[in-house]
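Each residue of the sequence shown is one higher than the one before, starting from 66 at the first, in my numbering.
Every residue, glycine too, gets a C-beta built ideally from N, C-alpha and C.
Please read the structure below before turning to the comments.
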Amino acid sequence: MAIRCIVTPWHTEVVSRTMSSVDMQDEVFWVHPPTQPIGLRTRVGTRTMPLSGMNQIFNPCNQVFILPGPIDLDRLQKAIQSWLILVPHAAGRLTKEKDHSWAIKLSYPIPITVSNYAGTYTEDELYNVFPPILDPIPWVYWPPQDMENHPLTRFKITNLTRTGETAVAIHMCHAVVDGISLFRVLNMLNDLYCGAKLTSQKPVSFENYLGPPPPYLDPTGDAYARALERTPILKKGYDPETHLNKWMQSMLDTDRVDLYFTKDQMEILVQRANALLPAGTAHVKAASVLPAYLFTVLNRAYGRPKFNRALSVLGVRGQSAPEGSSYEFPSKTSGGMAIVQTVSEPFPTKDLFDFSALAVRLRDHTVDSMKPDTLLDITSVYEQRQLELAKKEEIAWMLPEDGDGILGINLMHRTEVRIHFGYGANQCRFITWPAIKHYLRAFMANPVQLDNGKWDARDDVIHVMFLVEKGFGNRIRDMVCEDLDAWTAEDARRQPLRAKM
Numbered sequence: 066m067a068i069r070c071i072v073t074p075w076h077t078e079v080v081s082r083t084m085s086s087v088d089m090q091d092e093v094f095w096v097h098p099p100t101q102p103i104g105l106r107t108r109v110g111t112r113t114m115p116l117s118g119m120n121q122i123f124n125p126c127n128q129v130f131i132l133p134g135p136i137d138l139d140r141l142q143k144a145i146q147s148w149l150i151l152v153p154h155a156a157g158r159l160t161k162e163k164d165h166s167w168a169i170k171l172s173y174p175i176p177i178t179v180s181n182y183a184g185t186y187t188e189d190e191l192y193n194v195f196p197p198i199l200d201p202i203p204w205v206y207w208p209p210q211d212m213e214n215h216p217l218t219r220f221k222i223t224n225l226t227r228t229g230e231t232a233v234a235i236h237m238c239h240a241v242v243d244g245i246s247l248f249r250v251l252n253m254l255n256d257l258y259c260g261a262k263l264t265s266q267k268p269v270s271f272e273n274y275l276g277p278p279p280p281y282l283d284p285t286g287d288a289y290a291r292a293l294e295r296t297p298i299l300k301k302g303y304d305p306e307t308h309l310n311k312w313m314q315s316m317l318d319t320d321r322v323d324l325y326f327t328k329d330q331m332e333i334l335v336q337r338a339n340a341l342l343p344a345g346t347a348h349v350k351a352a353s354v355l356p357a358y359l360f361t362v363l364n365r366a367y368g369r370p371k372f373n374r375a376l377s378v379l380g381v382r383g384q385s386a387p388e389g390s391s392y393e394f395p396s397k398t399s400g401g402m403a404i405v406q407t408v409s410e411p412f413p414t415k416d417l418f419d420f421s422a423l424a425v426r427l428r429d430h431t432v433d434s435m436k437p438d439t440l441l442d443i444t445s446v447y448e449q450r451q452l453e454l455a456k457k458e459e460i461a462w463m464l465p466e467d468g469d470g471i472l473g474i475n476l477m478h479r480t481e482v483r484i485h486f487g488y489g490a491n492q493c494r495f496i497t498w499p500a501i502k503h504y505l506r507a508f509m510a511n512p513v514q515l516d517n518g519k520w521d522a523r524d525d526v527i528h529v530m531f532l533v534e535k536g537f538g539n540r541i542r543d544m545v546c547e548d549l550d551a552w553t554a555e556d557a558r559r560q561p562l563r564a565k566m
C-alpha cells in the first residue's frame, strides 16, 4: 500500500464537565515561579498583563509526548522553574478587572499531576475526547467563577506501567500561547531539562499584551466591511454553554482520519499539480498542493461539491505593517495569540474537483491575505470583534460549520516537534487534541519502532488528521490510497522514458 491510513470512530463520552483526571491515587506537585521574571514590564503597581482582543480565547492547547522510558521528576521541576523565568505569564491566573476587561495575574504556582496507568492503551483510546492521560484546565471556552484556583498551565505525568513508557501532557490556555508559540516555549523547556543554560534561551516577549492595539476601523466603513467578509466566522457570537454544545455536537457521528504522506508521494502530488497548470502560471508548492488535493478528495468522497471555500490559518508574528502605519505586529518571540483565520471567496464550480487549479487559488488567497494593508485590516477586525463579543460574554465559532461550504486548513506551516526530554526526537511520539471536523491539520509524523528494535524517525513524512461524517472515513482512505498507488505506478513507468531522453 502506498500510504498508511488510519480511520477510527470518534467517541464523545465526557468524563466530567471539569475534565479533571486527578483522583485519590494521583499526586500533585506544585512548582513556584521565581520572583524576578526576565524582561517583563507590567503595569505600575500591579502584577497583571491585560488581554487584548486576540488573546481572549480561553480553551486549552493540549499536547502530549510519549517517552520510551521514565522522566526525572526532580529534574523536570527544576527545568520548569527556570522555564518560568522565560515564560512568566504561564504561571498566571485569569482575572477580571474593574472595567470588566480580562487580564493575567502573575506569580502563581503551577501543578504537575503524577499518575500511574496499568491498563493497555490503543491509538483509538489515546485519541478519545478526554483520554485519561490528559489533565487540562477545567473549562473549555469560558473561565470558571473561582479563577484563582485554576492554573493557566498544567502538567500531567502518566507512568504507563505495562509498557514502561511515560506520557507527558502539557496544557496551556490559549490566552498564554497559540499553536506556534506553544512549540517554541516547549522547545525551551526541553532544552532546559536536557541541560541547556538559562542564558542560552531567549525569553518570551510581551508586545502582544502590552503594546498598542492595531488601529481600529470604522464599523460603518468599507475597509471594515471588506475585512469582515474575509473573516465571516467573527460575525456571530455564542454564549459559552451554546458554544460548548456546538463543539460536542460537531464530534458526534464522525470518523477520525489519519493520513501519512511520504516525501516521494508529496513530490508526485506537486509534480502532477504543476504539470496540469496553464502555461505561464507560477508553480505551486506542497503547502498549497496538499490541502488542495484533500479538498478535492473530500468533495469526491461526499459525492458532491460539499466544499467551495477554504478557511486558512495565518500567523502575524514578525509581519510588516503597511508603509506609513505606526503599528507594529508582534515579534516572532511574542507570547499569546498571534494568528488570524481568513475565509476565501467561493471557488468556481469547475475547480472544485481540480486540485491543480485549487492549489493556485489557495496560494493566491494566502498571498493576497498577507499583503500588509490587507493583513492589518484583518488583524484590526479580529481585535475589534473579539472585544465586542467578550463584552457580551459571547464567543465566535472559529471553525467550519455544516452546510457553510468551508473546509478548514491549518497546513501552511508544518510544526517542528523536537521535544523529547533527553531520549532523542526519533524515539518520542507526539499527540495533539482534538481532531476537528472538516479541519485539516498537519504535523511531522511520529517515529516508529521497527521489528529489529531500531527506530525510524520518519522526519520526511507528513501526518494529516481531521474528522469527517461517520461512514466516510474508509472511503476517503481508499481514494487517497488508490490515487497515490496509481500515480506512483505511472511515475515509475515514466522514469525509463526520462532516462532515455
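Judged by DSSP secondary structure, H348 falls outside any alpha helix (DSSP H); it is assigned neither H nor E.
Shown here for P395: same chain residues with a beta carbon closer than 6 angstroms to its own, the five before and five after excluded, namely E272, N273, R382, A403 in chain order.
Ranked by Cα distance from N364, the first of I471, A551, L138 is I471. Counted as a single uninterrupted DSSP element, the alpha helix (DSSP H) harbouring I333 occupies residues 328-340. Take P437, set aside five residues on each side of it, and the residues of its chain with a beta-carbon closer than 7 angstroms to its own are S385, A386, P387, in chain order. Counting along the chain, S421 sits inside the alpha helix (DSSP H) bounded by residues 420-434. The residue from A232, L334, K267, Y206 with its alpha-carbon nearest to that of T307 is Y206. Under the three-state reduction of DSSP output, F508 falls in the strand class.
Collapsing the DSSP output to three states places C546 in a helix. Here the alpha carbons of S353 and A422 stand approximately 10 angstroms from one another. Note: G380 is bridge-paired with I404 in the DSSP secondary-structure output.
The alpha-carbon separation between Y289 and L254 amounts to approximately 40 angstroms. About 5 angstroms separates the beta carbon of L247 from that of C126, a gap short enough to meet the 8 angstroms contact definition.
Between the alpha carbons of G536 and L317 lies a gap of roughly 12 angstroms. Going by C-alpha positions, M119 is about 42 angstroms away from A344.
Boundaries of the alpha helix (DSSP H) harbouring S445: 437-456, taken from the DSSP string. Closest in alpha carbon position to T327, among E555, Q560, C546, is C546.
In this structure, V96 keeps its C-beta atom at 8 angstroms or more from the C-beta atom of V233. Counted as a single uninterrupted DSSP element, the stretch harbouring W207 is not any beta strand (DSSP E), since DSSP gives it neither H nor E.
Judged by DSSP secondary structure, K311 falls within the alpha helix (DSSP H) whose first and last residues are 305-315. Just so you know, the alpha carbons of E459 and G157 end up roughly 23 angstroms apart. A Cβ-Cβ distance of about 6 angstroms is found for the pair L225 and Y182, placing them in contact under the 8 angstroms criterion. For K221, the number of other beta carbons within 10 angstroms of its own is at least 16, and it is reported as buried.
According to DSSP, I131 shares a beta bridge with A232, R494.
Apart from sequence neighbours up to five positions away, the residues of its chain that approach R426 with a beta-carbon distance below 6 angstroms are F412, ordered along the chain. The beta carbon of L299 sits closer than 6 angstroms to the beta carbons of R450, A461 from its chain, once the five residues preceding and following it are set aside; these are given in chain order. By the neighbour-count criterion, in which a residue is buried when 16 or more other Cβ atoms sit within 10 angstroms of its Cβ, R540 is buried.
In the DSSP annotation of this structure, the continuous segment of the alpha helix (DSSP H) that includes R291 starts and ends at 287-295. In the structure shown, L141 adopts helical secondary structure according to DSSP, grouped into three states. Secondary-structure assignment with DSSP links E534 through a beta bridge to T319. For the pair V405 and L376, the CB atoms are not nearer than the 8 angstroms cut-off. Looking at the DSSP output, I198 bridges to nothing. Put simply, the backbone Cα of A500 is about 5 angstroms away from that of F531. Rounded to whole angstroms, the Cβ separation of V529 and L359 is 7 angstroms, and the two are in contact under 8 angstroms. A direct Cα-to-Cα measurement between A240 and I122 gives close to 6 angstroms. In this structure, V242 sits away from G473, with a CB-CB distance that is not shorter than 8 angstroms.
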